[in-house]
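The numbering used here applies: residue 20 is where the sequence shown begins, and numbers increase by one. Backbone N, C-alpha and C define an ideal beta-carbon position, used for all residues, glycine too. Given the structure is predicted, the values throughout are model-derived calculations rather than measurements.
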Amino acid sequence: MRSGIDQTQQWQRLLEGKRAGLITNPTGVDSALESDIDRLLPYLGCLFGPEHGIRAVAQDELAVEHGRDERTGLVEYSLFGSVTSPTADMLKGLDLLIFDIQDVGVRFYTYGATMALSMQAAARAGIGFVVLDRPNPLGSRAEGLIRGESFRSFLSFAPVCTRHGLTMGELALLIKEWLGLDLALTVIPVEGYDGAPMEEDGRWVPPSPNMPAMSTVRVYPGTCLVEGTNVSEGRGTTKPFEWIGAPWINGRHLADRLNEKRLPGCWFRPISFTPLAFKHAGQLCHGVQVHVTDRRALQPVRMGITLIRTLQACSGSHFSWRYLPEYGHYMVDLLHGDDSLRKGAPLEEIEERMEADERAFQRTASRFQIYGS
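Here's what the structure looks like:
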């Protein structure tokens with residue numbers, strides 16, 4: 020499999036005689052793990068970094084400042100914090116923007132929002148936009164609700180399912196139509212990708228500090244919902260999004276309650292852990308580790324909503340939802356796509372709506388798909 024950055028002849032033809040800005044982070048590497056910054060350096064005028072920064076070292080929700088790359092001397096603009104979109108001044112002297120970041124295929128992973136806002140900025144400036152495409156590690160299957168319009172935010176930007184099944188190139192094509200952009204958009208596709216889920220191998224580069232492995236990616240569409248509560252989602256441990264717990268939880272009871280539901284493709288093991296940072300830092304927590312027993316059968320979004328309801332039942336009055344005043348919403352509503360989970364809608368009703376949204380979204384997505392069927 021060869022990503023867009025490996026299609027040298029294609030991007031060289033596009034960039035010949037041009038000056039570009041590159042939106043990237045450490046995942047922007049070719050099949051030999053060489054940085055896209057090095058590959059594209061003769062054409063680059065500046066760099067842009069998403070959430071976590073160009074080097075992906077800033078933790079969740081922390082603003083990243085502008086800077087300068089010490090090795091190349093290129094200006095580094097941050098697109099997370101007070102500025103989330105390239106400004107007209109940043110784009111002066113550029114002929115196009117290049118996007119090359121490995122995403123995880125989930126609506127609330129903010130690299131999709133960064134790409135959409137950057138596409139808008141490129142359209143306003145009258146410059147081109149190029150996506151050096153990469154596989155969707157979760158494959159082409161969609162799962163979850165389509166984001167409701169009143170829940171649009173940087174955390175939940177495009178009107179897609181929670182797990183959308185698109186590559187960033189395919190998502191860019193959808194976004195261009197959705198926003199009605201007058202934009203010269205080019206997607207340089209992945210060679211050898213057929214829409215199947217990725218296997219973990221030695222070329223996985225963590226796209227953010229708490230996405231260390233494919234085992235994390237597989238459960239993330241569901242366990243990230245825990246981030247919208249006061250229960251630890253495992254940040255500050257060696258197993259973020261795989262370890263779930265809180266000081267008040269009985270891990271054995273929680274594991275038994277979850278396993279009796281026989282959710283496909285996963286099993287829950289009682290554990291104890293002490294986060295070094297974030298929620299309940301320095302406190303002994305009890306809960307479960309999510310083990311993926313069959314990655315093809317796993318339905319992570321359905322697993323996540325069941326996990327939330329079971330955590331509520333096992334927590335009693337200890338359980339609470341996180342409210343984000345900067346967005347004017349409860350966080351779980353932005354992650355889930357509406358407020359039905361927080362307001363106690365029956366899981367059967369939520370799953371029926373998910374099935375309808377998944378069918379509708381697959382029809383929409385089929386118009387933008389480059390890979391598989």
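Ordered along the chain, which non-local residues of its own chain (more than five positions away) have a Cβ less than 8 angstroms from that of V377?
For clarity, residue 377 is Glu in the given sequence; the question names Val instead. Cβ within range, chain order: A161, E162, G163 and C180.
By the 10 Å Cβ neighbour count, where 16 or more other Cβ atoms means buried, how is P283 classified, buried or exposed?
Under this definition P283 is an exposed residue.
Is it a yes or a no for the segment 334-348 touching the segment 181-193, going by three-plus beta-carbon pairs under 8 angstroms?
These segments do not touch.
How far does the alpha helix (DSSP H) with A132 in it reach, from first residue to last?
For A132, the uninterrupted alpha helix (DSSP H) run begins and ends at Y130 to A144, by DSSP.
Of the residues L174, A191 and P216, which one's Cα is nearest the Cα of F127?
The residue with the shortest Cα to Cα distance from F127 is L174.
What distance in whole Å lies between the Cβ atoms of G306 and G270, which are believed to be in contact at a cut-off of 8 angstroms?
The C-beta separation of G270 from G306 comes to about 5 angstroms, placing the pair in contact by the 8 angstroms criterion.
Among residues of its own chain, excluding the 5 on either side of L366, which ones have a beta-carbon nearer than 7 angstroms to its beta-carbon?
When the five nearest sequence neighbours on each side are left out, the beta carbons in the same chain lying within less than 7 angstroms of the beta carbon of L366 are those of I324, T325 and R328, in order along the chain.
Environment of T257 [buried if 16+ CB atoms lie within 10 Å]:
Counting every other CB atom within 10 Å of its CB across the protein chains shown gives T257 a total below 16, marking it as exposed.
Distance, Cα to Cα, R58 vs P225?
Each residue's alpha carbon lies about 20 angstroms from the other.
Contained alpha helix (DSSP H) runs [length at least 4] in the segment 160-188, N- to C-terminal order
Annotation: the segment 160-188 contains no complete segment of the alpha helix (DSSP H) (minimum length 4 residues).
Can you tell me whether M373 is buried or exposed, with buried defined as 16 or more other CB within 10 angstroms of its CB?
In this structure M373 is buried. Its beta-carbon is surrounded by 16 or more other beta-carbon atoms within 10 angstroms.
Buried or exposed: D25, going by 16 or more other Cβ atoms within 10 Å of its Cβ?
So D25 ends up on the buried side.
Please specify which runs of the beta strand (DSSP E), each continuous and at least 3 residues long, are wholly inside the segment 230-293, giving them in chain order.
Annotation: the segment 230-293 contains the following complete segments of the beta strand (DSSP E) (minimum length 3 residues), in chain order: 262-265 and 285-292.
Counting C-beta neighbours from all protein chains within 10 Å, is the total for M350 16 or more, i.e. buried, or is it exposed?
Burial call: buried.
Going by C-alpha distance, which of S50, G40, L115 and T91 is nearest G68?
Measuring from the Cα of G68, the nearest candidate turns out to be G40.
List the endpoints of the continuous beta strand (DSSP E) containing Q308.
Going by DSSP, Q308 is part of the beta strand (DSSP E) stretching over C304 to V311.
Counting C-beta neighbours from all protein chains within 10 Å, is the total for K195 16 or more, i.e. buried, or is it exposed?
The residue is buried, with at least 16 neighbouring Cβ atoms inside 10 Å.
In three-state terms, what does DSSP make of A39?
A39: strand per DSSP, three-state reduction.
Spatial distance of S227 from H71 (CA atoms)
The alpha-carbon atoms of S227 and H71 are separated by roughly 6 angstroms.
Helix, strand or coil for E370? Go by DSSP, reduced to three states.
Looking at E370 - three-state DSSP - the assignment turns out to be helix.
Helix, strand or coil for I349? Go by DSSP, reduced to three states.
Reading the sequence as shown, one finds Tyr at residue 349 and not Ile. In the three-state reduction of the DSSP assignment, Y349 falls in the strand class, which pools E and B.
Please decide whether P259 counts as near chain B, where near means a Cβ-Cβ distance under 8 angstroms.
Note that chain B does not occur in the displayed structure, where there is just one protein chain.
Would you mind stating whether L66 and S104 have Cβ atoms separated by less than 8 angstroms?
No; because the gap between Cβ atoms is not below 8 angstroms, this pair is not in contact.
Check G47 in the structure and name its three-state DSSP category.
It is coil, neither helix nor strand.
Q31 versus E279 - alpha carbon distance:
In this structure, the straight-line span from the alpha carbon of Q31 to that of E279 is close to 56 angstroms.
Would you mind sorting P61 into buried or exposed? The rule is 16 or more other CB atoms within 10 Å of its CB.
Exposed, by the Cβ-count rule.
What number of angstroms, rounded off, separates the C-alpha of D336 from the C-alpha of N249?
Correcting the residue identity first, residue 336 is Ser in this sequence and not Asp. Rounded to the nearest angstrom, the two C-alpha atoms are 12 angstroms apart.
Under the rule that 16 or more other beta-carbon atoms within 10 Å means buried, what is Q302, buried or exposed?
Exposed is the call here.
Should Y212 and Y390 be called a contact, given that it needs their Cβ atoms to be closer than 8 angstroms?
At a Cβ-Cβ threshold of 8 angstroms, Y212 and Y390 count as neighbours.
Going by DSSP, what residues sit across from G147 in a beta bridge?
Within the DSSP bridge table, the entry for G147 names L115 as partners.
For Y62, the three-state DSSP class (helix, strand or coil):
The answer is helix: DSSP assigns Y62 an H, G or I state.
Within the same chain, show all residues whose beta-carbon is closer than 8 angstroms to that of A332, passing over the 5 residues directly before and after it, in chain order.
Excluding residues up to 5 positions away in sequence, R276 lie with their Cβ nearer than 8 angstroms to the Cβ of A332 in the same chain.
In terms of DSSP beta bridges, what is E219 paired with?
According to DSSP, which records beta bridges pairwise, E219 is partnered with nothing at all.
Restricting to Cα atoms, I'd like to know which of I290, W223, F260 and M138 is closest to L273.
Sorting I290, W223, F260 and M138 by C-alpha distance to the C-alpha of L273 places I290 at the top.
Buried or exposed (CB count within 10 angstroms, at least 16 for buried), Q28
Under the 10 Å beta carbon count, Q28 is surrounded by fewer than 16 other beta carbons and is classified as exposed.
I need the boundaries of the beta strand (DSSP E) containing S97, first residue and last residue.
V94 to S97 is the extent of the beta strand (DSSP E) around S97.
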